[in-house]
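K.L.:
There are 2 protein chains.
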Amino acid sequence: MHPTAPYQLYYWPGIQGRGEFVRLALEAAGVAYVDVARRRGERGMEAMLASLDGAVTAHPSFAPPVLRAGELLIGQTANILQFLGARHGLAPRAQQGRLWANQLQLTIADIVNEVHDCHHPLSTNLYYEQQQPAARTRAADFTARRLPKYLGYFEGVLVHNPARGNHAVGGRLSYVDLSLFQLVAGLRYAFPNAMARQQQAWPRLLALHDSVAARPRIAAYLKSARRLPFNEDGIFRHYPELDR
Amino acid sequence: MHPTAPYQLYYWPGIQGRGEFVRLALEAAGVAYVDVARRRGERGMEAMLASLDGAVTAHPSFAPPVLRAGELLIGQTANILQFLGARHGLAPRAQQGRLWANQLQLTIADIVNEVHDCHHPLSTNLYYEQQQPAARTRAADFTARRLPKYLGYFEGVLVHNPARGNHAVGGRLSYVDLSLFQLVAGLRYAFPNAMARQQQAWPRLLALHDSVAARPRIAAYLKSARRLPFNEDGIFRHYPELDR
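Protein sequence lines, in the order shown, are assigned to chains U and Z. Heads up: the first sequence at position 131 corresponds to 131 in my numbering, and the numbers run straight through without jumps. Heads up: the second sequence at position 129 corresponds to 373 in my numbering, and the numbers run straight through without jumps.
(1) For Trp344 (chain Z), return the contacting residues in chain U, with the cut-off set at a CB-CB distance below 8 Å.
(2) I'd like to check one pair, Pro308 (chain Z) with Tyr255 (chain Z): are the Cβ atoms closer than 8 Å?
(3) Tell me, please, which residues DSSP counts as bridged to Arg220 (chain Z).
(4) Would Ala55 (chain U) pass as a contact of Met45 (chain U) if the rule is Cβ separation under 8 Å?
(5) To the nearest whole angstrom, what separates the beta carbons of Gln175 (chain U) and Ala101 (chain U), a pair I think is in contact under 8 Å?
(6) Identify each residue in the region 462-473 of chain Z for which the Cβ-Cβ distance to at least one residue of chain U is less than 7 Å, and report them in chain order.
(7) Can you find the residues in the same chain that come closer than 6 Å, C-beta to C-beta, to Leu187 (chain U), ignoring five residues on each side of it along the sequence?
(8) May I ask you to list the residues that DSSP assigns as paired with Val278 (chain Z)?
(9) Quick check on Phe62 (chain U): does DSSP put it in helix, strand or coil?
(10) Counting beta carbon pairs with one atom in the region 209-224 of chain U and one in the region 116-123 of chain U, are three or more of them shorter than 8 Å?
(11) Give, in chain order, every unbroken run of the alpha helix (DSSP H) that is at least 4 residues long and sits entirely within the region 331-366 of chain Z.
(12) Within the continuous alpha helix (DSSP H) that includes Asn193 (chain U), where are the two ends?
(13) Looking at chain U, is there any beta carbon in it that lies within less than 8 Å of the beta carbon of Phe306 (chain Z)?
(14) Using only the alpha-carbon positions, how far apart do Pro460 (chain Z) and Gln260 (chain Z) sit?
(15) Closer than 7 Å between beta carbons: that is the criterion. Which residues of the region 274-301 of chain Z meet it against chain U?
(16) Tell me whether the beta-carbon of Leu317 (chain Z) lies closer than 8 Å to the beta-carbon of Ala269 (chain Z).
(17) For the ligand ZN, is there any heavy atom lying closer than 7 Å to the beta carbon of Arg217 (chain U)?
(18) For the candidate residues Z:Leu391, Z:Ala451, Z:His404 and Z:Ala249, whose alpha-carbon lies nearest to that of Asn437 (chain Z)?
(19) Is there a Cβ of chain U sitting closer than 8 Å to that of Met245 (chain Z), yes or no?
(20) Could you tell me the distance, in whole angstroms, from the CA atom of Gln132 (chain U) to the CA atom of Thr107 (chain U)?
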């Protein structure tokens with residue numbers, strides 16, 4: 001237990017998932033946090049599940065990730081990032097920039113949902129293996145049509161940003177850059193063939209991925225045990241049959 | 245053209261869709277707005293599509309709805325509602341309440357996405373009729389498992405709100421209440437059997453639906469030609485075979 005850590009993150013212990021977008025912001029901010037469900041022998045899972053329980057907490061979340069910051073208990077990834085961005089200089093201060101960052105983050109949330117539905121197109125209550133034919137159809141559509149539409153959109157955002165430095169919003173690092181890094185990393189893990197085939201269409205986006213990965217705090221995090229590997233329980237899953 | 249209207253809404257002209265959550269907020273606030281793509285003979289669709297075009301606008305949206313407010317061009321439904329809520333007293337002023345409202349709105353966005361995927365589980369580039377068997381499987385899972393999980397969650401939010409008045413957030417109307425009204429109305433249109441079967445589980449939520457519908461500005465809107473009917477081009481579609 002780190003009773004002095006300003007933040008507690010509640011998320012499933014074995015996957016990057018949506019929690020990873022929050023972890024990256026906390027790591028880039030350089031603030032201490034406890035990844036509650038990953039603590040050993042301290043009933044971390046119980047504490048995580050309590051954050052979803054209306055009988056225990058006034059503001060229960062429908063699903064993790066959930067962040068505790070003192071008296072505040074905050075759910076929904078984009079909501080947490082908006083909060084952390086304002087607190088730690090990972091978002092513009094002016095209204096227009098804040099709105100734009102939140103808008104882009106919500107668009108990242110949309111593609112992340114679509115990535116999830118590639119392996120679970122019919123039901124989250126069935127295993128992947130029980131919906132594989134539908135998953136093939138959905139993933140083929142995703143890699144051929146949706147993925148290039150989304151990444152082309154984000155490439156355009158970078159191209160049209162008048163500020164220098166190849167950031168999504170303004171001229172400084174924001175949580176949107178961190179999330180775009182994670183999106184590219186995850187898509188490369190899940191769909192290496194589709195990404196390799198199309199990558200020349202997104203030079204700015206891939207350069208942003210590399211520049212985020214090279215930032216000292218992020219590079220240290222990615223080498224640490226705090227960074228879980230991608231796996232087939234998370235959102236970005238590599239099933240070769242979905243990436244012909 | 246209403247050159248003095250403070251807001252221009254860019255959304256598809258023939259459907260309620262996600263634009264309806266924004267329309268309800270504008271109507272409840274009692275502010276003038278132009279529903280741009282629905283203007284006759286004024287190239288409304290062209291203007292709407294320009295809001296998505298990075299060659300024309302600095303902050304293009306990936307998809308509508310988009311709201312113009314003077315110099316600001318704002319995309320993503322929850323982002324627009326957060327903006328309007330703060331401006332027009334449709335959200336709490338204090339940080340904790342603002343975060344909670346945004347969190348609930350993002351959870352509404354999640355179930356709305358799942359409603360959409362009931363009729364389009366495999367691809368947004370195919371017609372419903374081309375993915376009907378998969379749609380039946382997805383809709384059966386949605387109505388049996390996901391719908392009660394989400395609506396039970398929102399019922400709990402209302403039950404556990406310590407303030408009086410049966411509102412989602414605090415003791416006053418917020419954009420979350422308006423969106424919950426639209427969610428219930430849409431689900432009743434799309435899945436009347438599933439909703440009738442389960443409705444006794446959500447007395448607070450259904451009472452909130454009725455109280456929002458009875459508010460003078462909302463009641464006047466619902467009777468007006470500005471309120472489009474539900475139809476099978478929107479998000480909430482009624483296909484009897486998906487609602488056994």
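Think of the CB as a built atom: it goes at the ideal place given N, C-alpha and C, for glycine as much as any other residue.
P.N.:
Reading off the structure:
(1) Within the second sequence, residue 344 (chain Z) is the residue found at index 100, counting from 1. What Trp344 (chain Z) touches in chain U: His59.
(2) Looking up residue 255 (chain Z) in the second sequence gives position 11. Looking up residue 308 (chain Z) in the second sequence gives position 64. A contact, by the Cβ cut-off of 8 Å.
(3) Absent from the structure is residue 220 (chain Z), since the part of chain Z shown begins at 245 and ends at 488.
(4) Against the first sequence, residue 55 (chain U) aligns to sequence position 55. Against the first sequence, residue 45 (chain U) aligns to sequence position 45. Against a cut-off of 8 Å, the Cβ pair of Met45 (chain U) and Ala55 (chain U) comes out as no contact.
(5) Looking up residue 175 (chain U) in the first sequence gives position 175. Looking up residue 101 (chain U) in the first sequence gives position 101. According to the sequence provided, residue 175 (chain U) is Tyr. The question's Gln does not apply to it. About 7 Å separates the two Cβ atoms, so the contact holds.
(6) none
(7) As a working mapping, residue 187 (chain U) is identified with position 187 in the first sequence. Excluding sequence neighbours, Leu187 (chain U) sits near Met195.
(8) Along the second sequence, read from residue 1 onward, the residue named residue 278 (chain Z) stands at position 34. Val278 (chain Z) pairs with Z:Gln252.
(9) As a working note, residue 62 (chain U) is residue 62 in the first sequence. Residue state, collapsed to three classes: coil.
(10) no
(11) 339-363
(12) Your numbering for residue 193 (chain U) matches position 193 in the first sequence. Taken as a continuous stretch (DSSP letters only), the alpha helix (DSSP H) holding Asn193 (chain U) covers Pro192 to Gln198.
(13) For the purposes of this step, residue 306 (chain Z) is taken as residue 62 along the second sequence, with counting starting at 1. So, interface residue.
(14) Residue 460 (chain Z) sits at position 216 when you count from the first residue of the second sequence. Residue 260 (chain Z) sits at position 16 when you count from the first residue of the second sequence. Their backbone Cα atoms lie some 20 Å apart in a straight line.
(15) Gly298
(16) The count along the second sequence starts at 1 and reaches residue 317 (chain Z) at position 73. The count along the second sequence starts at 1 and reaches residue 269 (chain Z) at position 25. Contact flag unset, no.
(17) Inclusion of the ligand ZN in the displayed structure is not the case, the ligand content being empty and no account of it being possible.
(18) Taking the second sequence and counting its residues from 1, one reaches residue 437 (chain Z) at position 193. The candidate whose alpha carbon is nearest that of Asn437 (chain Z) is Z:Leu391.
(19) Here the question's residue 245 (chain Z) lines up with position 1 in the second sequence. Low confidence applies to Met245 (chain Z): its pLDDT is 43, below 50, so where it sits in the model is not reliable, and the reading given next is rough at best. No - not a single Cβ of chain U is within 8 Å of the one on Met245 (chain Z).
(20) Here residue 132 (chain U) refers to the residue found at position 132 of the first sequence. Here residue 107 (chain U) refers to the residue found at position 107 of the first sequence. Going by the C-alpha atoms only, they are around 27 Å apart.
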